[in-house]
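Undergrad: Residue numbering for the sequence shown follows UniProt numbering, beginning at 1 and increasing consecutively.
Supplied in structure tokens, the structure appears directly below.
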Amino acid sequence: MAHCQNIGRSVHLFNLDPAAEKFETFNVFVIMTNLDIRDLITLEDVMEELQYGPNGGLIYCLDHNNHNHIIRFLLNNMDWLEDELGEYEDDYLIIDCPGQIELYTHFPIIRRICECLQKMHFRICGVYLLESQFIQDNSKFFAGVLSAMSAMISIEIPHINVLSKMDLLGKVKKRELERRAQIIVSHN
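Written out as structure tokens, the structure reads:
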């Protein structure tokens with residue numbers, strides 16, 4: 001967001017993660033959300049009230065097939081969301097979603113939200129973050145790639161895969177990754 005703001009692009013954040021604690025960039029400043037599902041429901045409240053664990057709580061918070069009024073409200077009353085997002089129609093909107101893979105691969109929750117946004121004429125691109133620790137082991141990397149592909153197929157939107165937390169990789173692993181990337185590029 002800081003990069004977009006520095007080059008004069010209007011960017012707004014919609015938090016769709018009821019478990020999010022805070023939004024920080026470079027540990028320097030906190031990003032304010034323009035729309036935040038936590039104003040309506042939080043994971044902590046659901047876990048405490050219903051005695052659910054984190055995964056069950058997230059699914060409850062986001063699955064409109066449960067008796068959850070929040071996402072049902074969003075899906076059945078998209079005019080409210082359209083009104084809220086209408087003032088941002090020419091701006092970039094970043095929607096931060098929960099990291100639980102089940103929400104993308106086992107339930108149609110996120111896909112339905114994307115479909116509603118597309119009906120509102122938003123152009124959507126998904127960004128799948130795969131932690132760099134997954135590339136340190138071939139089997140973990142393969143599992144991570146399969147998870148990303150499963151999410152891509154389930155959501156059915158243009159998709160970019162990004163390796164995150166690269167600063168946590170050691171120098172040897174970074175060099176190995178750069179070498180592998182050069183081999184892939186040279187074969188294309």
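The beta carbon of each residue, even a glycine, is placed where N, CA and C say it ideally should be.
Terminal residues of the continuous alpha helix (DSSP H) containing Tyr-104?
TA: As a working mapping, residue 104 is identified with position 104 in the sequence shown. Unbroken alpha helix (DSSP H) run through Tyr-104: 102–105.
Undergrad: Determine which residues share a DSSP beta bridge with Val-11 and list them.
TA: Position 11 of the sequence shown, counted from the first residue, corresponds to residue 11. The partner list for Val-11 (beta bridge, DSSP) reads Tyr-92.
Undergrad: Straight-line CA distance for Tyr-104 to Leu-58?
TA: Your numbering for residue 104 matches position 104 in the sequence shown. Your numbering for residue 58 matches position 58 in the sequence shown. The alpha-carbon atoms of Tyr-104 and Leu-58 are separated by roughly 12 Å.
Undergrad: For Phe-141, name the three-state secondary structure that DSSP assigns.
TA: Numbered from 1 along the sequence shown, position 141 holds the residue referred to as residue 141. Three-state result, Phe-141: helix.
Undergrad: In angstroms with no decimal places, state the Cα-to-Cα distance between Asp-39 and Cys-116.
TA: Here residue 39 refers to the residue found at position 39 when the sequence shown is read from its first residue. Here residue 116 refers to the residue found at position 116 when the sequence shown is read from its first residue. Computed Cα separation, rounded: 21 Å.
Undergrad: Provide the residue span of the beta strand (DSSP E) that contains Leu-130, from first to last.
TA: Numbered from 1 along the sequence shown, position 130 holds the residue referred to as residue 130. Counting along the chain, the beta strand (DSSP E) containing Leu-130 begins and ends at 126–131.
Undergrad: Please state the DSSP three-state secondary structure of Ile-135.
TA: If you number the sequence shown from 1, residue 135 lands on position 135. The answer is helix: DSSP assigns Ile-135 an H, G or I state.
Undergrad: Could you check whether the stretch 110–125 touches the stretch 161–174, counting it as contact only if at least three pairs of C-beta atoms, one from each stretch, sit closer than 8 Å?
TA: Contact between the stretch 110–125 and the stretch 161–174 is absent, because fewer than three Cβ pairs lie under 8 Å.
Undergrad: Could you have a look at Leu-169 and say whether DSSP puts it in helix, strand or coil?
TA: To locate residue 169, count along the sequence shown from 1; it is residue 169. Three-state result, Leu-169: coil.
Undergrad: Could you check whether Val-11 and Asp-96 sit closer than 8 Å to each other, using their CB atoms as the reference points?
TA: For the purposes of this step, residue 96 is taken as the residue at position 96 of the sequence shown. For the purposes of this step, residue 11 is taken as the residue at position 11 of the sequence shown. Cβ distance not < 8 Å, so Asp-96 and Val-11 don't count as in contact.
Undergrad: Is it right to say Leu-130 is buried, meaning 16 or more other beta carbons lie within 10 angstroms of its own, or is it exposed?
TA: Residue mapping note: residue 130 aligns to position 130 of the sequence shown, counting from 1. With 16 or more other Cβ atoms within 10 Å, it is buried.
Undergrad: Might you give, ordered along the chain, the residues of its own chain that have their beta carbon closer than 7 Å to the beta carbon of Gln-5, omitting 5 neighbours on each side?
TA: The count along the sequence shown starts at 1 and reaches residue 5 at position 5. If we look at Gln-5 and ignore the five residues flanking it on each side, its Cβ neighbours are Val-11.
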